[in-house]
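Be aware that the sequence shown starts at 31, since it is given in the working numbering, and climbs by one per residue. We put the beta carbon where it would ideally sit given N, CA and C, even for glycine. Treat the numbers as computed from the prediction; the structure is a model and nothing was measured.
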Amino acid sequence: MGSSERSERLAASPDLFENRFLNFFSRVHPVVPLLIYGPIIAVLVWLGLDRGLSVPATVGLFVAGILIWTLSEYWLHRLLFHWTPKFKGGDKINFIIHGVHHDHPNDKMRLVMPPAASIPLALIFYAVFMLIFGSPYGFVLFGGFLIGYLGYDYTHYYLHHFVPKSKIGKRVREHHMRHHFQDHHYGYGVSTPFWDHIFRTVPRSRKADRKPS
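So this is what it looks like as structure tokens:
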């Protein structure tokens with residue numbers, strides 16, 4: 031298989047549903063998450079400030095929300111995206127959730143999470159934040175959490191369609207490409223590979239590849 035043919039196969043993902051309406055919502059332009067969640071983040075931060083939080087407290091909570099996202103990203107990817115139910119049709123569910131991306135990782139319309147999936151997840155996380163932290167802390171924490179999510183979405187898009195120039199960028203891209211093309215049981219952190227080091231799921235390095243068996 032030539033390189034151009036292989037690239038075409040990696041980008042040309044199939045329809046997920048027989049219903050054209052459902053298929054429409056399974057694909058999304060990369061700008062859509064920013065258009066949806068950008069204004070929501072601004073409102074959440076404003077609500078925190080409006081209800082008495084100081085600027086330093088708001089910044090601290092916002093950063094904490096980003097950190098909470100990084101851990102959530104790791105476990106969502108590991109437990110949900112790579113979950114294969116052990117019942118009839120489980121393989122199909124896995125393919126819809128994440129398998130299609132692994133089979134066709136360069137499809138530009140299937141690299142950021144569709145709102146049909148991200149909005150229900152966001153509502154669940156919002157309810158958890160408000161239940162645990164309440165107002166006004168939950169507003170700003172969740173705003174940071176959503177910024178972390180956008181960072182994940184656009185880092186993911188960037189890693190599949192651009193070649194980073196910086197040393198860190200190259201390492202992050204290699205980390206994710208090894209998840210795709212070496213062993214998908216490793217490398218669950220996309221925007222923040224840090225948690226793979228904590229949970230011992232770091233993909234094998236190039237140096238290890240060169241060692242004789």
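Reference residue i, options the options, closest by Cα
i	options	result
Trp225	Thr100, Pro63 and Ile198	Thr100
Ile149	Ile70, Gly78, Ser235 and Tyr184	Ile70
Pro145	His59, Met160 and Leu110	His59
Ile96	Phe172, Gly199, Pro135 and Val142	Phe172
Met143	Gly219, Ser102 and Tyr182	Tyr182
Pro63	His205, Tyr187, Arg108 and His107	Tyr187
Pro135	Thr231, Phe229 and Arg208	Arg208
Arg57	Ala147, Leu161, Ser165 and Ala87	Ala147
Lys138	Arg230, Tyr216, Phe229 and His191	His191
Leu110	Tyr218, Glu204, Lys118 and Ala87	Tyr218
Trp76	Pro166, Ile198 and Ser221	Pro166
Leu151	Asp80, Tyr67, Arg50 and Ile198	Tyr67
Ile228	Ala87, Pro86, Lys118 and Trp105	Trp105
Val61	Ser196, Gly199, Leu180 and Glu204	Leu180
Cβ-Cβ separation, residue j to residue i (assumed contact under 8 Å), whole Å
i	j	result
Pro223	Val202	6 Å
Val170	Gly78	4 Å
His206	Leu189	5 Å
Pro107	Val220	For clarity, residue 107 is His in the given sequence; the question names Pro instead. Indeed they touch by this definition, with Cβ atoms about 7 Å apart.
7 Å CB neighbourhood of residue i in its chain, flanking five on each side removed
i	result
Tyr252	No answer is possible for residue 252: the residues shown for the chain start at 31 and end at 243.
Leu25	The shown model of the chain, from 31 to 243, leaves out residue 25, and the question about it has no answer.
Thr23	Because the chain spans 31 through 243 in this model, residue 23 falls outside it and cannot be assessed.
Arg230	none
Residue i CB to nearest heavy atom of the ligand FAD below 7 Å
i	result
Gly173	This structure simply doesn't include the ligand FAD, nor any ligand for that matter.
Close beta carbons around residue i, own chain, < 6 Å, minus the five adjacent residues each side
i	result
Ile98	Phe175
Glu103	Tyr182
Val89	none
Glu159	The question names Glu, yet the displayed sequence has Phe at residue 159. If we look at Phe159 and ignore the five residues flanking it on each side, its Cβ neighbours are Gly168, Leu171 and Phe172.
Pro133	The sequence shown places Asp at residue 133, rather than the Pro named in the question. Counting only Cβ-Cβ distances below 6 Å, and skipping sequence neighbours, we find nothing.
Glu38	Residue confidence is low: Glu38 scores 47 on pLDDT, short of 50, so the model does not pin down where it sits. Its coordinate-derived value is still stated next. Excluding residues within five positions, none has a Cβ falling inside 6 Å.
Boundaries of the alpha helix (DSSP H) in which residue i is found, first to last residue
i	result
Ser102	Val85 to Trp105
Val158	Pro145 to Phe163
Arg203	Lys197 to Phe211
Val187	Reading off the sequence, residue 187 comes out as Tyr, not Val. Segment Tyr167 to His191, the alpha helix (DSSP H) holding Tyr187.
Phe224	Phe224 to Ile228
Trp76	Val62 to Asp80
Own chain residues within Cβ distance below 8 Å of residue i, not counting five before or after
i	result
Ile177	Ile71, Phe92, Gly95, Ile96 and Trp99
Ile162	Gly168
Tyr216	Arg208, His209, Asp226, Thr231, Val232, Pro233 and Arg234
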